[in-house]
Amino acid sequence: MPDSSLRGKRILVTHADAFMGPVLCEVLARRGATVIPSTDALLEPEAPAALVAASGQVDILVANLAIRNPRTSAIDVDEVEWREVFATLVDPLPRLCRAVLPAMIARRAGKILVMGSASALRGIKGATTYSAARGAQLAYVQSLGVEVAAHNVQVNAIAQNFVDNPTYFPPEVQADPRFQDRLKREVPLGRLVSASEDAEFAAYLCSESANCFVGQVFPVCGGWVQR
Numbered sequence: 024m025p026d027s028s029l030r031g032k033r034i035l036v037t038h039a040d041a042f043m044g045p046v047l048c049e050v051l052a053r054r055g056a057t058v059i060p061s062t063d064a065l066l067e068p069e070a071p072a073a074l075v076a077a078s079g080q081v082d083i084l085v086a087n088l089a090i091r092n093p094r095t096s097a098i099d100v101d102e103v104e105w106r107e108v109f110a111t112l113v114d115p116l117p118r119l120c121r122a123v124l125p126a127m128i129a130r131r132a133g134k135i136l137v138m139g140s141a142s143a144l145r146g147i148k149g150a151t152t153y154s155a156a157r158g159a160q161l162a163y164v165q166s167l168g169v170e171v172a173a174h175n176v177q178v179n180a181i182a183q184n185f186v187d188n189p190t191y192f193p194p195e196v197q198a199d200p201r202f203q204d205r206l207k208r209e210v211p212l213g214r215l216v217s218a219s220e221d222a223e224f225a226a227y228l229c230s231e232s233a234n235c236f237v238g239q240v241f242p243v244c245g246g247w248v249q250r
């Protein structure tokens, strides 16, 4: 019998053409949701509010924000790189949340799920800018989740790494024997988490069955952060 745990829910997915966007849209729709996919970069300050206004009722926001992670040594990071990464990954998040939360609070129902990164949970050489931005996302989720929990609105995040997706692990990377060796050395699971495994967990966190989780960060990385 098809899973209809999200039937009747209107879910806004940002950066729907990147990172986990495509598979999220597929899995959420398969569970009965009406998915509102957006490919807007959301770089302009007014863009998130305009997107939410144009989307109609938003029961669930999936903040899927992505940028190719620069591999720059900390002493070589310039202002352009820092601002670009934060403008893409961090700045849209509070703007989106400020736009969707008033209606969610008024209805006493709603969820926000941030598709984040485990790079904020474990140090990676040459990734200070990216890790700092992803860390800001997770800190925001933890504080916001606690703040709005009393209104029956749940805000959580998935902190992932080594999950199959076209932005960070495209086919050419996966085909490289050196990458496969790295998987075996660094990831206890010994393989990438599949896109569908990650998206199915995201769908669960969007469902009423996950109402008990507030301000939590869930690592999905095949055990990488435990190494």
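The numbering of the sequence shown is our numbering, which starts it at 24 and goes up by one.
We put the beta carbon where it would ideally sit given N, CA and C, even for glycine.
Keep in mind it's a predicted model, so treat the numbers as computed, not measured.
- In this structure, I34 is the residue among I34, F42, R214 and D63 with its C-alpha nearest to the C-alpha of R53.
- Between V50 and A162, the CB-CB gap reaches or exceeds 8 Å.
- DSSP places S219 inside the alpha helix (DSSP H), whose first and last residues are A218 to C229.
- In this structure, the beta-carbon distance from N188 to G238 does not fall below 8 Å.
- Annotated three-state conformation of S166 is helix, per DSSP.
- Here S142 carries a helix assignment [DSSP, helix/strand/coil].
- A Cβ-Cβ separation of about 6 Å places P115 in contact with L88 under the 8 Å criterion.
- Where L119 is concerned, the enclosing alpha helix (DSSP H) starts and stops at P115 to R130.
- Contact check for V108 against I90 passes: the beta carbons are separated by less than 8 Å.
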